[in-house]
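Below you'll find the structure, written out as structure tokens, and then a few comments.
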Amino acid sequence: MPEIKVTPLGAGQDVGRSCILVSIGGKNIMLDCGMHMGYNDDRRFPDFSYIIQNGRLTDFLDCVIISHFHLDHCGALPYMSEMVGYDGPIYMTHPTKAICPILLEDFRKITVDKKGETNFFTSQMIKDCMKKVIPLNLHQSVQVDDELEIKAYYAGHVLGAAMVHIKVGSESVVYTGDYNMTPDRHLGAAWIDKCRPDILISESTYATTIRDSKRCRERDFLKKVHESIERGGKVLIPVFALGRAQELCILLETFWERMNLKAPIYFSTGLTEKANHYYKLFITWTNQKIRKTFVQRNMFEFKHIKAFDRSYADNPGPMVVFATPGMLHAGQSLQIFKKWAGNEKNMVIMPGYCVQGTIGHKILNGQRKLEMEGRATVRCLAFDKAKLALDVKLQVEYMSFSAHADAKGIMQLIRMAEPRNMLLVHGEAVKMEFLKGKIEQEFNCYMPANGETATVTTNPSVPVDISLNLLKREMALGGTLPDPKKPRSMHGTLIMKENSLKLVSSEQALKELGLNEHQLRFTCRVQLQDPHCDSDTLHRIYKHLKSVLKGYTIQHLPDGTVIVESIVIKVSSSAEDTNTKVLLLSWSYQVNYISDSLSFEQM
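Quick note: full-length UniProt numbering has the sequence shown finishing at residue 603, numbered continuously throughout.
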């Protein structure tokens with residue numbers, strides 16, 4: 001039996017460095033190639049030794065697909081292609097292709113130029129890697145080769161995020177990447193066809209969480225921010241450059257306008273301009289409201305939100321600052337956090353998930369004394385001779401504005417796609433186990449750890465479209481709606497049109513294929529002794545039938561035939577003996593039961 005094998009190289013019972021190897025129909029596909037933000041050594045990258053010990057990945061992989069631009073999904077791409085070695089095609093959407101190299105370069109600058117780390121990719125490697133990228137359009141089927149086909153679907157989450165449907169012959173896999181089943185202020189909800197894949201590989205970041213209403217979360221967020229600035233505090237909101245940042249900026253901009261607040265709001269330098277540029281360029285990826293109002297008013301040109309300069313962090317008085325990155329693992333957000341951590345009036349609001357090992361994860365789990373790397377000269381730092389420690393006195397709040405599907409959203413996607421098997425990645429093991437138990441009430445569910453392979457046996461099938469008219473006819477005969485979970489036999493004509501099979505009625509089949517209907521008829525020859533001429537014999541037969549077959553339509557046609565319903569009768573003389581008549585009876589295959597009841601006697 002055919003098999004599909006799935007091996008996480010990263011994000012197996014973990015969040016970070018998403019990288020999933022799928023082997024299907026003799027093809028090997030890498031799904032995402034991310035970086036783990038909780039490590040500062042080679043553990044930050046996926047472990048490619050699970051694939052190949054020596055040599056280049058080009059010899060093993062048929063293609064690489066990147067779901068979106070977050071670094072935990074694309075951060076190891078230049079390392080994989082330029083340092084490990086891969087020259088094959090890399091697929092991602094147009095927005096992801098535009099934004100991905102910018103975020104990679106920003107992170108490279110922080111890691112190499114500021115921290116001085118080695119064994120990291122260069123600016124040129126990022127450029128060389130991006131030359132291998134082939135952009136994808138939504139809902140467009142792309143033939144990677146003669147057998148491998150991929151198709152992208154809208155995932156919400158961030159600008160350009162996509163789920164992907166992978167097909168090889170009759171086998172298929174859907175990989176979700178990160179997705180959000182709930183529309184927000186600037187993006188729509190994820191959507192996919194009822195494609196019934198053999199395996200649905202889904203993220204499970206919030207496997208046990210069912211979020212409260214979006215309106216309640218927004219109200220709580222605004223209340224916390226307002227209370228903090230009212231008492232003279234500073235509010236730090238760590239975000240990634242694109243996504244939750246725009247969502248929360250729109251929310252605060254509206255609130256500041258309504259409440260006529262004067263406290264300044266700042267955003268990391270340069271990122272506001274970049275965000276505006278890309279949202280304008282890829283406006284079709286935003287939600288309907290943004291698209292409708294964009295011509296009259298650009299929702300991302302904020303009146304109350306200004307570019308941030310690092311000197312502003314020391315200014316007296318309240319302020320709100322959006323700074324990157326979102327997990328406090330490096331960059332401007334971490335620098336501001338260090339400066340403000342010692343003042344209990346201040347507040348940090350973490351609006352999304354933080355992976356283990358990051359400062360964000362530590363403070364959300366209650367850690368209030370942090371060991372920091374590198375030199376520090378800020379006032380709130382207390383030194384001991386061995387270590388550099390940071391006392392965290394500011395308020396720490398977690399308010400989930402994460403654009404990941406919660407448990408309810410994951411089940412919603414399952415109902416939408418109707419997979420035969422589920423496989424969970426990108427989550428914490430304990431939470432994944434709970435969701436796995438729920439899913440297994442309906443069908444098989446897997447959650448392999450990094451380096452483990454889940455093998456799923458598939459049943460070969462041939463997909464067939466059924467015409468609506470035929471379906472209506474079958475429902476009318478059955479009297480009830482068909483149960484989608486129970487097999488059901490259907491009768492029709494199977495035709496091949498535009499490389500797909502379709503089950504239709506015989507009448508529709510002839511029409512669609514441009515064929516004329518032919519009729520199958522059966523003929524019986526009977527000899528009679530009758531000295532009369534052929535026409536007299538036929539007339540006598542006609543009169544006899546009229547007398548014995550009351551209520552039937554019987555015709556005597558000028559061409560010398562008698563018709564009784566679908567039965568045609570003709571008479572001709574034998575070539576050897578004119579007194580011997582040959583009686584020819586023919587009927588259609590629909591009334592073949594007549595042959596069982598024919599009897600003849602001399603008139």
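We put the CB at the ideal spot given by N, CA and C, even for glycine.
| Check | Outcome |
| --- | --- |
| Could you tell me which residues DSSP pairs with Gln395 in its beta bridges? | Met347 |
| Helix, strand or coil for Thr118, going by three-state DSSP, please let me know. | coil |
| Is it the case that the Cβ atoms of Leu538 and Val571 are separated by a distance below 9 Å? | yes |
| Any idea if residue 631 is buried or exposed, counting beta-carbon neighbours within 10 angstroms, 16 or more meaning buried? | Residue 631 lies beyond the residue range present for the chain, which begins at 1 and ends at 603; the question has no answer from this structure. |
| Let's see if you can read the secondary structure: which residues bound the alpha helix (DSSP H) around His491? | Taken as a continuous stretch (DSSP letters only), His491 belongs to no alpha helix (DSSP H), as it is neither H nor E. |
| Please report the distance separating the alpha-carbon of Glu565 from that of Leu557. | 13 Å |
| Using a 10 Å radius around the Cβ and a threshold of 16 neighbouring Cβ atoms, would you call Lys502 buried or exposed? | buried |
| For the alpha helix (DSSP H) containing Val430, list its first residue and its last residue. | 429 to 439 |
| Does at least one heavy atom of the ligand COA sit under 8 Å from the Cβ of Gly360? | By its list of ligands, the structure shown contains no ligand whatsoever, and the ligand COA lies outside what it can speak to. |
| Decide if Lys511 is buried, meaning its Cβ has at least 16 other Cβ atoms within 10 Å, or exposed. | exposed |
| From His304, Arg17, Glu117, pick the residue whose C-alpha is nearest to that of Arg258; which is it? | His304 |
| For Ile237, which residues in the same chain have their Cβ closer than 6 Å to its Cβ, ignoring the five residues on either side in sequence? | Phe322, Ile349 |
| Identify which residue in Glu418, Phe45, Phe240 has its Cα closest to the Cα of Ile102. | Phe240 |
| In this structure, how does DSSP classify Ser535 when only helix, strand and coil are distinguished? | helix |
| Which same chain residues end up closer than 7 Å to Gln508 when comparing Cβ atoms and leaving out the 5 residues on each side of it in sequence? | Ser467, Asn469 |
| Tell me whether the region 26 to 39 and the region 55 to 75 touch, counting them as touching only if at least three CB pairs, one residue from each stretch, are closer than 8 Å. | yes |
| In its own chain, which residues sit with a C-beta less than 8 Å from the C-beta of Asp87, not counting the 5 before and 5 after it? | Arg56, Thr58, Ser81, Lys132 |
| Where Phe383 and Thr209 are concerned, what is the direct C-alpha to C-alpha distance, given to the nearest angstrom? | Confidence in Phe383 is poor, its pLDDT being 42 and thus under 50, which makes the residue's placement unreliable; the coordinate value appears in the next sentence. In a straight line, the C-alpha of Phe383 is about 40 Å away from that of Thr209. |
| Hey, which unbroken runs of the alpha helix (DSSP H) at 4 residues or more fall wholly within the region 496 to 570? | 506 to 513, 534 to 548 |
| At which residue ranges does the UniProt domain "Beta-Casp" (245 to 363) contain complete alpha helix (DSSP H) runs of 4 or more residues, listed in the order of the chain? | 271 to 281, 288 to 293, 331 to 340 |
| Over the uninterrupted alpha helix (DSSP H) stretch that includes His165, give me the two end residues. | Looking at the DSSP string, His165 is not in any alpha helix (DSSP H); the run it does join, the beta strand (DSSP E), is 162 to 168. |
| Rounded to a whole number of angstroms, what is the C-alpha to C-alpha distance between Ile99 and Phe302? | 21 Å |
| Of all the CB atoms in chain C, is at least one closer than 9 Å to the CB of His73? | This model lacks chain C altogether, as it is built from one protein chain only. |
| By a C-beta neighbour count over all protein chains shown, 10 Å radius and 16 as the cutoff for buried, is Ile19 buried or exposed? | For clarity, residue 19 is Cys in the given sequence; the question names Ile instead. When all chains shown are included, Cys19 counts as buried. |
| Run the CB neighbour count on Phe443, radius 10 Å, all protein chains shown included, and call it buried at 16 or more, exposed below. | exposed |
| Helix, strand or coil, according to DSSP, for Tyr179 in the structure here? | coil |
| Beta-carbon separation of Glu211 and Ser400 under 9 Å? | Checking the sequence shown, residue 211 turns out to be Arg, not Glu. Yes, they are a contact pair. |
| Would you check if the distance between the CB atom of Ala407 and the CB atom of Tyr206 is smaller than 9 Å? | yes |
| With the cut-off set at 9 Å, would you say Asp14 and His426 are in Cβ contact? | yes |
| Determine the contact status of Leu136 and Thr176, defining contact as a CB-CB distance below 9 Å. | no |
| What beta strand (DSSP E) runs, 3 residues minimum, are completely inside the region 41 to 87? | 63 to 65 |
| So, for Pro460: in the same chain, excluding its five sequence neighbours on each side, which residues have a beta-carbon less than 7 Å away from its beta-carbon? | Pro2, Ser170 |
| Once you ignore the five residues that flank Trp256 on each side, which residues in its own chain have a CB closer than 6 Å to its CB? | His304 |
| Under DSSP, the beta strand (DSSP E) around Leu136 begins and ends at which residues? | 133 to 136 |
| Helix, strand or coil, according to DSSP, for Tyr39 in the structure here? | coil |
| Quickly, what does DSSP pair Val456 with across the bridge? List them, please. | Ile4 |
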